[in-house]
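A.B. asks:
Numbering (the working numbering), first residue to last: 359 to 614.
1) Looking at C-alpha atoms only, which residue of 519, 544, 453, 526 is the closest neighbour of residue 429?
2) If you follow the beta strand (DSSP E) that residue 396 is part of, which residue opens it and which one closes it?
3) Closest by CA to residue 532, which one among 389, 561, 372, 516?
4) Give me whichever residues DSSP pairs with residue 565 in a beta bridge.
5) Relative to the C-alpha of residue 458, which candidate in 490, 383, 436 has its C-alpha closest?
6) For the beta strand (DSSP E) containing residue 386, list its first residue and its last residue.
7) Let's see if you can read the secondary structure: which residues bound the beta strand (DSSP E) around residue 538?
8) Excluding the 5 residues flanking residue 612 on each side, which residues of the same chain have their C-beta closer than 8 Å to its C-beta?
9) Distance, Cα to Cα, residue 564 vs residue 376?
10) Note down, in chain order, each residue of its chain lying with its Cβ closer than 6 Å to the Cβ of residue 570, except the 5 sequence neighbours on either side.
11) Looking at the structure shown, is residue 450 part of a helix, part of a strand, or coil, going by DSSP?
12) What separation, rounded to the nearest whole angstrom, lies between the Cα atoms of residue 492 and residue 362?
13) What first and last residue would you give for the beta strand (DSSP E) that runs through residue 498?
14) Would you mind reading off the limits of the alpha helix (DSSP H) that contains residue 579?
Written as structure tokens, this is what we have:
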């Protein structure tokens with residue numbers, strides 16, 4: 359049974375401060391726990407209610423955790439309710455160590471920069487879309503929501519566990535990209551529409567819907583692009599716009 363100190367520490371994982379202090383994150387539900395049992399990072403513990411034994415699929419998931427040597431604990435439903443961030447929590451969750459991704463983990467390919475995207479749901483969806491569409495990394499700068507927060511992780515459907523996803527500051531990102539001659543393309547509603555794919559890898563910068571990317575990042579951009587919209591439609595959700603631009607950059611299909 360987890361100690362009171364462990365429960366207190368794990369409850370703090372709802373907040374960025376708690377994740378920074380412990381170096382851990384909280385993953386809720388069958389899908390995310392299953393993803394964690396397949397990733398190369400460290401899963402600290404898997405917690406479940408007694409009801410898990412009545413569900414064959416979940417029972418098999420827990421058996422795999424035991425086989426892998428992961429600490430697996432049956433806890434009261436009230437403990438799951440206390441730890442979970444979701445309004446209606448599933449009977450299983452896990453605690454993992456935040457992976458120490460960085461620039462050394464970025465392979466050739468597009469890089470997605472999230473600049474000031476504060477909604478964790480949008481961050482999670484963008485991580486999922488970017489990695490599904492072949493991006494080499496997703497990098498948060500500015501006031502972007504933590505991709506390892508519970509809401510962002512749920513929205514990513516576990517994609518964060520399968521690729522380099524990390525945060526840094528804008529200057530570091532600009533310098534790293536410049537050093538590798540990777541141009542920055544900024545997405546902005548008032549820009550010319552994207553007409554064709556890039557000749558090589560680029561960094562697609564996506565900002566908040568209210569403010570766009572920062573002035574410093576836009577100043578470093580080689581190009582500013584947009585998704586052409588039907589007359590009368592002012593803008594797209596940043597997650598939708600980002601996925602469309604990434605797909606068109608990858609396939610070269612026209613946007614018009």
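Backbone N, C-alpha and C fix where the C-beta goes; we use that ideal spot for every residue, glycine too.
C.D. replies: Taking the coordinates as given:
1) 453
2) That residue, residue 396, is in no beta strand (DSSP E); it is neither H nor E in DSSP.
3) 561
4) 473
5) 383
6) 382-386
7) Per DSSP, residue 538 belongs to no beta strand (DSSP E) and is neither H nor E.
8) Note that residue 612 scores a pLDDT of 46, beneath 50, so its modelled location is shaky; the value from the coordinates is reported in the next line. Counting only Cβ-Cβ distances below 8 Å, and skipping sequence neighbours, we find 553, 554, 606.
9) 27 Å
10) 546
11) strand
12) 42 Å
13) 495-499
14) Run containing residue 579: none; DSSP gives neither H nor E here.
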